[in-house]
Amino acid sequence: MKIFIHITHGPEHPTRAALGFLIAKTAIEEGHTVSLFLAGDAVQLMRDAVLDNLTGLGTGKLREHYDAIIKGGGKFYLSGMSSKGRGLTEADLKGKPAVFSPPNVLLKLSLEHDRMFTY
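The sequence shown begins at 33 in our numbering and counts up by one.
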């Protein structure tokens, strides 16, 4: 099954942010294909300093979830407008399976997947 996870909460809500990544990791472990679209403050989750330091209350460490998602073939899409507004650049995505995307990609992905979760 194709699972799509849309995350809009960033470092200001660590538990919700980590929960989205935890669900993605869990879906991959269950054998599903996973795509994540980060928008709003969630785009900041792709900064290395955030990945390395964010831990949700009962939802785990963001870096551990991220590494498992990558290992399992998960793909990341980041709102280009949200990223620009928060100063995220190509340098922040270097070496990561992530691309800046316009709003129509969010719509396209939501229609292509079997299930969608929002955090």
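All C-beta atoms, glycine included, are put in the ideal place defined by N, C-alpha and C. All values reported here derive from a predicted model rather than from experimental measurement.
Inclusion of residue 110 and residue 70 in the CB contact set at 8 angstroms is warranted, their separation being smaller than that value. If you keep only unbroken beta strand (DSSP E) runs of at least 3 residues inside the region 61–145, you get 65–70, 107–111, 130–133. With a cutoff of 8 angstroms on beta-carbon distance, residue 66 and residue 117 are scored as not near each other. Rounded to the nearest whole angstrom, the C-alpha separation of residue 108 and residue 119 is 18 angstroms. Of the other Cβ atoms in all chains shown, fewer than 16 fall within 10 Å of the Cβ of residue 131; this residue is therefore exposed.
Beyond the five residues adjoining it in sequence on each side, residue 33 comes within less than 6 angstroms, by CB distance, of 64, 146 in the same chain, given in chain order.
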